[in-house]
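Mind the numbering: the sequence shown is residues 25 to 233 in my numbering, read in order. We put the CB at the ideal spot given by N, CA and C, even for glycine. Computed from a prediction, not measured in an experiment: that's the story for all the values here.
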Amino acid sequence: MKQRAKVMLVEDDLDWSNGLQMYFSKEAGFEIVTCVSSKAACMSALDETPVDVVLMDIMLGDADSSGLDAALDITHKHPSVKVIMLSSLDDDDEVFNEAFLNGAYDFVYKNEFEQIPEVIAGAMKDQQTKYGPRLKKLIYDKKKKLLTPYDVVLLKLIAEGKTQQEIADMNSVSLSAVKKHVGRVLEKFQWDRSTRELADKCMKWGILE
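The following block contains the structure:
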């Protein structure tokens, strides 16, 4: 007998989570073996409960991290796990594209949740999705073009944990010059979180190579 795929659901809306579990409780191709509501809980659960697929809500109720952040971390820490993004957003191409850059296998709109079994089946067969690889390359190239060679050096140093003062001393420039350069990089990416987080993301995206 063919083994059912083991699935983790990451969803902060309890009603939606319960509804999906009930709807797919008798699904022949997969079983939802665990449900969590945050990125932190997801990463912790993956260390304890091996799964084949993660159904990941894009909009988690966590001010510090989203489903997109979680997808990127899963891709790097658990590369064999397929991440399928779930979203009620239907007009945000930037989010859609970044999901693939962050390693998502595919993307399902919540109002089309009946497609989930078919997408999971494709993931288990490692089938290439229609848009994923192309969109991933498109956004990868777009983000890589934002960086000058010195931007790459700067972000690598930040990713290594160097402070702006240390970077200034290493390059024999003023702290204010480094701060201005950091500001320009943040502006290029329209980034409003910490510079270290951006550097870590760029490293995981592979655009600092």
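Spatial neighbours of K160 within its chain, please: C-beta separation below 6 Å, excluding the five flanking residues on both sides. So the qualifying residues of the chain are F124, L125.
Exposed unless 16 or more other CB atoms sit within 10 angstroms - verdict on K50: With fewer than 16 other Cβ atoms from the protein chains shown falling within 10 Å of its own Cβ, K50 counts as exposed.
Among Y155, I182, V202, K106, nearest to N121 - alpha-carbon criterion: If you compare the alpha carbons of Y155, I182, V202, K106 with that of N121, the shortest gap goes to Y155.
Option nearest K225 by Cα separation, candidates K203, K180, S196, V197: Comparing Cα-Cα distances from K225 to each of K203, K180, S196, V197, the minimum goes to K180.
Can you tell me which of the three DSSP states F48 falls into? Coil.
By a C-beta neighbour count over all protein chains shown, 10 Å radius and 16 as the cutoff for buried, is M110 buried or exposed? This sequence places Leu at residue 110; Met is not what is there. L110 is buried by the Cβ-count criterion.
Expected contact under 8 Å - CB spacing of A147 and G53 to nearest Å: Contact doesn't hold; Cβ gap of about 10 Å is too wide.
By alpha-carbon positions, which one of F48, T58, K228, A192 ends up nearest to E142? If we check each option's Cα against that of E142, F48 comes out closest.
Relative to the C-alpha of Q151, which candidate in I56, K106, F137 has its C-alpha closest? When the alpha-carbon of Q151 is set against those of I56, K106, F137, the nearest one is in K106.
For D130, which residues in the same chain have their Cβ closer than 6 Å to its Cβ, ignoring the five residues on either side in sequence? Exclusion of the five residues before and after D130 leaves I108, V143, T153 as the residues of its chain whose Cβ lies within less than 6 Å of its Cβ.
Any idea what DSSP makes of T58, helix, strand or coil? It is a strand residue.
Taking the alpha-carbon of W40 as reference, which of M83, R28, S68 has the nearest alpha-carbon? Ranking the options by Cα distance to W40, first place goes to M83.
Going along the chain, which residues of its own chain have a beta-carbon closer than 8 Å to the beta-carbon of M25, five neighbours each way excluded? Per-residue confidence for M25 stands at a pLDDT of 47, beneath the threshold of 50, marking its modelled position as unreliable; no derived number is given.
Going by the CB atoms, is the gap between V31 and L79 shorter than 9 Å? Contact flag set, yes.
Where do the N-terminal and C-terminal ends of the beta strand (DSSP E) with A29 fall, by residue? Unbroken beta strand (DSSP E) run through A29: 29 to 34.
Does E233 pass the burial test, meaning 16 or more other C-beta atoms within 10 Å, or should it be called exposed? With fewer than 16 other Cβ atoms within 10 Å, it is exposed.
Could you tell me how far apart the beta carbons of V206 and T187 are, in whole angstroms, since I believe they sit closer than 8 Å? The beta-carbon separation of V206 and T187, rounded to 11 Å, does not stay under the 8 Å limit for a contact.
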